[in-house]
Structure formats: C-alpha cells, structure tokens
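Chains as they are written, first to last, in full-length UniProt numbering: chain E, 1 to 361; chain P, 1 to 184.
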C-alpha cells in the first residue's frame, strides 16, 4: 500500500483536498467529511485501476492459452511439419544446380533444418497420437537418408586402397561367404583365454596358484581327463567335457558349465550354472544357489576335496565357508514347487566319495 | 487437452526413464543393478524371473528392469519391451565361447519394432579380471559398428569394483534425455 501512495495520482488528489479546505474555510467537521469523500474517490479510482490491470492480465492469459492450444493440435503440427519437409525436399532437388563451392553450405543448411524438424517433433510428441509420431519419424529418417545419398552422390568419398590388394580381399570374402559358420566359430574359439586346457585326451592336468589366482580359467573339449586347479580363480568356464574329473579351489565369482557328460565336478564357488549336461556328479560348495537348465541325471553332494593351501585360497576368494546350499538347486525347466524336478537328485549320504585321492589313482 | 496429454506432461515433469537390462546368463546384470544401487553383491543367485529397481539419479527417476538371461527365460524378454527408453546389453567379457550367441541375441533384439526408438548401451562387464576381452575386441567380434538403427555405445566396466558403471548410465540418460526431454 505504501508504494501506491507515491504515485502521482494520489499526490494530485491530496493537493486538491488541501486547496478546497483553505478556500471554503469550512468548519473542521465538514473538512473532515470532505477529506473522507475525496479519499473514497481516490480509493475507488485505485480499485478501478487494479481491476483493469487484473482483467488485462486475464485477457493476455486467455490469449496465450488459446495460441498454445492452437499449437498443440495435430493439424497445426502437420501443416508446419509438411512446410519444413517440402522446403527440404526443394532444397535437395536444387542441389544439382548449385555451384560445387556452395554445396557444402547448402548441405549444412539442409541438415540444420532437418535437426529443427526433429526437435519440433520431439516437442510435439506429448500431444500427438502415436501414429502421427511414427509417420513423422519415418518422414524424418527418409529425409535423412535422402540427404545422405545426395551428399554421397555429389561428394564421392575417396577411399585409400591398393588396387592389387583389393583383389585379394575380395577373393577372401568369397571364401568367407562359402564357409560363414566355420569362420565365425573359429574366430570365437581361437580367442580362448591364456589360462586354459583344450582339445586333450586321456591326460592328468594340473595348474597352480601362481597361474590361476584371480584369473579366469577355461576348459574346453576334453575327453577322459583329470583336471586339478590348485588355487583361487575368479571365474571358470567349462565346455564339452566328456568323462572327465574336474577339481578346483574356491572360485570367487561364477562357474559356468555347458554340454558336459559323464563327468565328476568337485568345486566351491559363489555362483554355479550348469547347462545341457548329462549324467554327472557335482560335489559343490555354493554360497548363492546353483541352477541347472536342460540337464538330466545330475547329482549333487557337498564339496569334500582337500589339499594343502585350500584354507589360504578360501581367504583369497573371500567365499564364506559357513554358507553352503549344495542341496538346494533351481531347475529352470521345472518351475513346479510342489513336486521335485526329475532332472536332478541328491547323492545319498552313504554313497559320498570319501577320499578323492584313491579314486583318481 | 485430453487425460493422456496430462499424464504425458506429468511424466515429463518427473523425468522418468525406463531402462531394460538384458544379456546372456552369467553376464552380471543383477550384480550391475545391485552395485549401482549400493547393495550387497556377494549373495546374488542366478535370476529366476526379474528384478525391478526404481532409483533417483541426477533428478531423473530411473526404472531399471533386470530380466534373467537363462535360455529358458529369453522367450519372455519380449514381455518387457513396451515403452523402453534405453536398452542395456550386458556382455560377460570372459565368455569367449558364447560371443556368437551373444551377438545373435542382440541382433534379434535390435530388429524388434518395440525397441526401435531405444538407445543401446553395451556393458563389457568383468573388466576387473585379468585376461578379460577388451571392449574394443568385443565391439569387433559382435560387429557393433554395423548398427545403424540405434544410438549405441560400448563401455568396459566392472560390476564388482563399480568401474565405469556411472559413466555408462550417465551416457544413456543423456542420450535419452536429448531425445525425449527437449522441452526444458
């Protein structure tokens, strides 16, 4: 209110009150009434101005929301969008006639307006029906490829290549085409980790802590072998083992076993996943839960291999020795909880192998 | 202004982002999710189903869906595609034997119409283990360079140490935000 008092209108009003008071030299009471009346006029005027101001604001608000509503309609979007689209297409068709020197600028301009279109679409997605959004997206991507094609057309990329070598490359490609699967397979399997045994038969294999601690170990395509890993690897992957016995020290993260059969696995780890494996025994220590998938005839017992240094390796791996869910297996092909999965079973306690050394020797 | 518009506007204000995390089993999806959320990662079992986490990050509300990667669960992945803003594909950088599978699964995902607009982040996980394939090697083996249909990035990370997890998530949020939240 204090602010209003300083406005010129009020100053003028108070001045007239004073003038009239002196002129008439009326009694004090009438002067007081007079002053009151004038005040009423002033406040009325103030009120009027305030009302005008408010209605002005209201009007502006309405106008704004009207234009916003107008801009947030599908029709508005379509007309604006098409305008831009036509402009870009026209620009593209003109490209053939433009000087080479100006072409780069021209293309930059085109991609800039395409970007603008994209932004416009992004802003409008909230009120447009999904169908319109998709159409617009398709239009944009079509324009983009058109621009790219035109650009490639007018500025062919200079590729650096030896001509004689190109021929060799193309003939190589042909070979690759005839044997695509073999090539892919080779590429993946050749790249096995350094720490590995693969393609061996009838052997006894051992690795020690210096080589395997905190590393990942891979065993692939072994037949009738015994593998002992004295150490604490980070992870172990096993693939296509046949009639093998595998012993590992504590594995700090996960063990992954696929396509094995007639094997015995003796291992501690945090996670164990067994896939497409048949007729095998597992003596395990798992701190989370082991899972099987597409397996049959797999049997489980508690981890019971001992070797000097096992305790130290447990410490390195950080596995908890108190928690072992060797007898709690999840079968991804058997989700019924009331009946037991036919794919796995527990080894009866009396049939546990007591000493592995005798078995192996 | 219809109800749908109001809802969409509300969603925009809240800046919700829906991320779908997929990959072969044993890739470390759940471990990444839990590590990112600051939870214990030593007791994680293979995922039988899915996990959802809603977390606040940089004023964004992230809904991260982590779906199990076992073969028998992969056919259910498509149930989670709807309204996905970003796809996080997790690769086990030690699993050289299944890179081929990994590549094929990702390629078939990228042909999905319902994932057409999603940004793709590839996490080359388990980089803390010596001998892991580098993100560069995985990029080549999976032929990521050929992806034209999606914005994508591959980044080496470790769910165990937390290395590069934030960087990856920040990138995918930025990319999504530049597409969806251009209003602000």
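All C-beta atoms in this analysis are idealised placements derived from N, C-alpha and C, irrespective of residue type, glycine included.
| Asked | Found |
| --- | --- |
| Does the beta-carbon of residue 169 of chain E have 16 or more other beta-carbons within 10 angstroms, so that it is buried, or is it exposed? | In this prediction, residue 169 of chain E scores a pLDDT of 43, lower than 50, which makes its location untrustworthy; no coordinate-derived value is stated. |
| So, at 7 Å on beta carbons, what are the nonlocal neighbours of residue 345 of chain E in its own chain, with the 5 sequence-adjacent residues on each side left out? | 299 |
| Which residues mark the beginning and the end of the beta strand (DSSP E) in which residue 271 of chain E is found? | 264-275 |
| Any beta carbon from chain E within less than 8 Å of residue 144 of chain P's own beta carbon? | no |
| Can at least three beta-carbon pairs, one atom from the stretch 93-105 of chain P and one from the stretch 36-43 of chain P, be found at a separation below 8 Å? | no |
| Tell me the residue span of the alpha helix (DSSP H) that contains residue 366 of chain E. | Here chain E comprises residues numbered 1 to 361, so residue 366 of chain E is not present and cannot be evaluated. |
| Listed from N- to C-terminal order along the chain, which residues in the stretch 219-236 of chain E have their beta-carbon within a distance smaller than 8 Å of any beta-carbon of chain P? | 220, 234, 235 |
| Taking the C-alpha atoms as reference points, what is the distance between residue 263 of chain E and residue 197 of chain E? | 16 Å |
| Are the beta-carbon atoms belonging to residue 156 of chain P and residue 178 of chain P less than 8 Å from one another? | no |
| If you run the structure through DSSP and keep just helix, strand and coil, what is residue 105 of chain E? | helix |
| Could you check the C-alpha separation between residue 188 of chain E and residue 141 of chain P for me, to the nearest Å? | With a pLDDT of 44 at residue 188 of chain E, under the threshold of 50, the modelled position of that residue is not reliable, and no figure is offered here. |
| For the putative contact between residue 195 of chain E and residue 222 of chain E, defined by C-beta atoms under 8 Å, what is the C-beta separation to the nearest angstrom? | In fact, because the Cβ distance is near 15 Å, the residues do not count as touching under 8 Å. |
| Looking at the unbroken alpha helix (DSSP H) that takes in residue 170 of chain P, where does it start and where does it end? | 165-180 |
| With a cut-off of 8 Å, does the C-beta of residue 195 of chain E fall near any C-beta of chain P? | yes |
| Of the residues E:112, E:326, E:130, which one's Cα is nearest the Cα of residue 303 of chain E? | E:326 |
| In three-state DSSP terms, what is residue 21 of chain P? | strand |
| So, is the C-beta of residue 126 of chain E closer than 8 Å to a C-beta in chain B? | Judged by its chain identifiers, the structure shown contains no chain B, and its protein chains are E and P. |
| Measuring alpha carbon to alpha carbon, tell me which residue in E:100, E:289, E:140 is nearest residue 363 of chain E. | There is no way to answer for residue 363 of chain E, as the model of chain E reaches only from 1 to 361. |
| At what residue ranges does the stretch 57-107 of chain E contain a whole run of the alpha helix (DSSP H), taking only runs of 4 or more? | 74-94 |
| Going by DSSP, which residues form a beta bridge with residue 230 of chain E? | E:208 |
| Can you find a C-beta in chain P that's less than 8 Å from the C-beta of residue 352 of chain E? | no |
| Cβ of residue 367 of chain E within 8 Å of Cβ of residue 268 of chain E? | Not covered by the structure: residue 367 of chain E. The range shown for chain E is 1 to 361. |
| Does the Cβ-Cβ distance between residue 330 of chain E and residue 153 of chain P come in under 8 Å? | no |
| Have a look at E:295, E:132, E:348, E:301 and flag the residue whose alpha-carbon is nearest the alpha-carbon of residue 76 of chain E. | E:132 |
| Evaluate the contact criterion for the stretch 15-33 of chain P versus the stretch 81-91 of chain P: three or more CB pairs, one atom per stretch, below 8 Å. | yes |
| Can you tell me whether residue 7 of chain P is buried or exposed? The criterion is at least 16 other CB atoms within 10 Å of its CB, across all chains shown. | exposed |
| Would you check if the distance between the CB atom of residue 259 of chain E and the CB atom of residue 248 of chain E is smaller than 8 Å? | no |
| Ignore the nearest five residues each way along the sequence and tell me which others in residue 63 of chain P's own chain have a CB closer than 6 Å to its CB. | 18, 54 |
| Determine the closest residue to residue 71 of chain P out of E:318, E:349, E:295, E:92, with distance taken between C-alpha atoms. | E:295 |
| When Cβ atoms are compared, which residues of the stretch 59-74 of chain P fall closer than 9 Å to chain E? | 68, 70, 71, 72, 73 |
| Identify the continuous beta strand (DSSP E) that holds residue 296 of chain E and give its terminal residues. | 296-302 |
| Give me the subset of the stretch 68-84 of chain E whose CB atoms are less than 7 Å from a CB atom of chain P, sorted by chain position. | none |
| Within the 8 Å Cβ cut-off, does residue 108 of chain P reach chain E? | no |
| Please report how far the alpha carbon of residue 279 of chain E lies from the alpha carbon of residue 68 of chain P, in whole angstroms. | 26 Å |
| Does DSSP classify residue 238 of chain E as helix, strand or coil? | strand |
| Would residue 187 of chain P and residue 289 of chain E qualify as a contact pair, given that the criterion is a beta-carbon distance under 8 Å? | Residue 187 of chain P cannot be examined here, being either before or after the span of chain P that is shown, 1 to 184. |
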